[in-house]
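Asks: Our numbering puts the first residue of the sequence shown at 6, with every later residue one more than the last.
Ideal placement from N, C-alpha and C gives every residue a C-beta, glycine not left out.
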Amino acid sequence: AAEDALHIAIATVYGVDYLLTWNCRHIANPEIQRSIAACLEPVGLFLPFICTPEELLGAENAE
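Following this line, the structure appears as structure tokens:
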């Protein structure tokens, strides 16, 4: 979990638009993303769009 938090923190601080991950249990979990975003927005930071490569490319490019 600490490595997941580090990846999200680096992407957030550097203003990365997208964070790709295979980690659907933690990083790409929508419930966790909402909690993180709720902590970041009051201090003027925004969570990047976090998704799997398939979600970014679309279903037709999954193979």
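Measure the alpha-carbon distance for Cys-56 versus Ala-10 and round it to whole angstroms.
Replies: One C-alpha to the other measures close to 15 Å.
Asks: Can you grab the Cα-Cα spacing for the pair Gly-20 / Ile-13, in whole Å?
Replies: Between Gly-20 and Ile-13, the C-alpha separation is close to 11 Å.
Asks: By DSSP, does Ile-55 sit in helix, in strand, or in coil?
Replies: Here Ile-55 sits in strand by DSSP.
Asks: Thinking Tyr-23 and Pro-53 are a contact (beta carbons under 8 Å), I'd like their distance in whole angstroms, please.
Replies: Contact flag correct, Cβ pair sits at about 6 Å.
Asks: Which same chain residues end up closer than 7 Å to Leu-45 when comparing Cβ atoms and leaving out the 5 residues on each side of it in sequence?
Replies: Thr-17, Phe-51, Leu-52.
Asks: Between the beta-carbon of Ala-7 and the beta-carbon of His-31, is there less than 8 Å?
Replies: Not a contact, by the Cβ cut-off of 8 Å.
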